[in-house]
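Here numbering that gives the first Met the number 0 is used: position 29 in the sequence shown is 28, and no number is missing along the way.
Beta carbons are placed, not taken as given, at the ideal position from N, Cα and C, and that holds for glycine.
What you are looking at is a predicted structure, and each value in this text was computed from that prediction instead of being measured.
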Amino acid sequence: MSKPAIVIAIDGPAAAGKGTLARRLAAHLGYAYLDTGAIYRAVALKLLKQSIDADDTPAILAAARSLDPDELNSDELRTDRVGEMASQIAAIPALREALVEFQRTFAANPPGGAPGAVLDGRDIGTVICPKADRKLFVTASAEERAHRRYLELTGKGEQVSEDEVLADLKKRDERDQNRATAALRAAGDAYLLDTTNLGIDEAFAAALDYIAAR
Ligand code: DC
């Protein structure tokens, strides 16, 4: 039998730098990468396109079941409107349940025969892969995260103010942290990485030290 895949779980609030870090770690280690937020966003995008409400659970579950992995790479997923809808539907326990198996299968059998997988999201270290080999909880102050998200959005031509972005981010943090199911929180055994004053290279080096040290 081949060795079990190494699993690295990366959780944290919106715009903390998890995605950039996770992608870079996966490339460095030769592991597969899954952005689990993209799954919630892809379902959200389908709902927005089909004018389905955020409380129509049967239609939301149908949209989740018809999801094609190719839909996870669309640029359309990255808007704030889609992120807001994703955060709303992510509070529906039946939707979370419907998405568990896909995420666990990815972690246990990384595509392309990779020896490991990096998954980022909100509940990877707590719910999806509680036995992950390494767990990181990546944070930054709300102001710093809003600043980064503002630069990202305006860089893509979206017309937003930094105050609006900060207000949206706080609303999303509040919802993600206080929902009844799989709320955003650090696993007890996670390494806490605060990137408020760290550039991406420093954050990457700190994450790699933690991964190598254990
Ligand atoms: O990481 P992101 O901003 O792309 O995630 C969008 C929303 O999806 C986020 O506000 C909460 C939800 N989400 C979740 O509940 N659980 C995950 N594992 C990933 C994302």
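- For Val117, the enclosing beta strand (DSSP E) covers residues 115-120.
- Selection Ser1, Arg22, Pro12 evaluated against Leu207 yields Arg22 as nearest (Cα-Cα).
- Secondary structure note for Asp79: its alpha helix (DSSP H) is the uninterrupted segment 79-88.
- Ala90 and Lys17 have their C-alpha atoms spaced approximately 20 Å apart.
- Per DSSP, Ala21 is not a residue of any beta strand (DSSP E); the alpha helix (DSSP H) it occupies stretches across 17-28.
- DSSP places Asp172 inside the alpha helix (DSSP H), whose first and last residues are 161-177.
- DSSP, reduced to helix, strand and coil, places Asp208 within a helical segment of the structure shown.
- Straight through space, the alpha carbons of Ser86 and Leu191 are spaced by roughly 23 Å.
- When only Cα atoms are considered, Asp52 and Leu71 end up about 21 Å apart.
- Remark: three or more beta-carbon pairs, one from each stretch, lie closer than 8 Å, so the stretch 88-104 and the stretch 176-192 are flagged as touching.
- Distances between the C-beta of Arg80 and the heavy atoms of the ligand DC are all 8 Å or more.
- If the five residues before and after Val81 are omitted, its C-beta is found closer than 8 Å to the C-beta atoms of Arg40, Ala43, Leu44, Leu47, Glu75, all from its own chain and listed in chain order.
- In chain order, Ile5, Val6 place their CB closer than 6 Å to the CB of Asp132, counting only its own chain and leaving out the 5 sequence neighbours on each side.
- Per DSSP, reduced to three states, the secondary structure at Leu192 is strand.
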